[in-house]
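Asker: Under this note's numbering, the sequence shown has 81 at position 74, and the numbering climbs by one with no breaks.
All C-beta atoms in this analysis are idealised placements derived from N, C-alpha and C, irrespective of residue type, glycine included.
It should be emphasised that the depicted structure is a prediction, and the values quoted were computed from it without experimental measurement.
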Amino acid sequence: MKTSKLDLSELLDNEEVIAGVISDALQSNDSTVLLRTIGYVAKARGIAQIAKATGLGRESLYKALDEDAHPRFDTILRVLNALNVQMIAVPKVRTKRKVTRKLAVAEKKAAYKA
8 MKTSKLDLSE LLDNEEVIAG VISDALQSND STVLLRTIGY VAKARGIAQI
58 AKATGLGRES LYKALDEDAH PRFDTILRVL NALNVQMIAV PKVRTKRKVT
108 RKLAVAEKKA AYKA
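Here is the structure:
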């Protein structure tokens, strides 16, 4: 049986998929994950094309998207714009864990009163 390597960049073929991947990275609350994801997507879409669209040099873009880099927010916005995606702020979703903790505290208070 012949196997081939899976090239994940082939899956990043439209803006909806790219936006979803970057949104997931944003939800991680880890800037390294976000930067690595944006860099991977930019490379998959063609770093030369993204560099041209952002007005940055190819080497400058590679350096800005290195996971040890600390790029300016403006640079990130320009790359996202070149990828034809945007960042949108929405309220955090309340996790079940917080709700469960509040219920446990309320139950303990009720048990002490009884």
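Between which two residues does the alpha helix (DSSP H) carrying Lys59 extend?
Answerer: Here the alpha helix (DSSP H) through Lys59 covers 54-61.
Asker: Are there 16 or more other CB atoms within 10 angstroms of the CB of Arg108, so buried, or fewer, so exposed?
Answerer: It is exposed - the Cβ of Arg108 has fewer than 16 other Cβ atoms within 10 Å.
Asker: Going along the chain, which residues of its own chain have a beta-carbon closer than 8 Å to the beta-carbon of Lys70, five neighbours each way excluded?
Answerer: Only Ala76 meet the Cβ criterion.
Asker: Use the C-beta contact count for Ile95: other C-beta atoms within 10 angstroms, 16 or more gives buried, fewer gives exposed.
Answerer: Answer is exposed; the Cβ neighbour count stays below 16.
Asker: Rounded to the nearest angstrom, what separates Lys99 and Arg85 at their Cα positions?
Answerer: When rounded, the distance between both Cα atoms is 25 Å.
Asker: Distance check for Thr82 and Val112, CA to CA, integer angstroms please.
Answerer: Cα to Cα, Val112 sits roughly 45 Å from Thr82.
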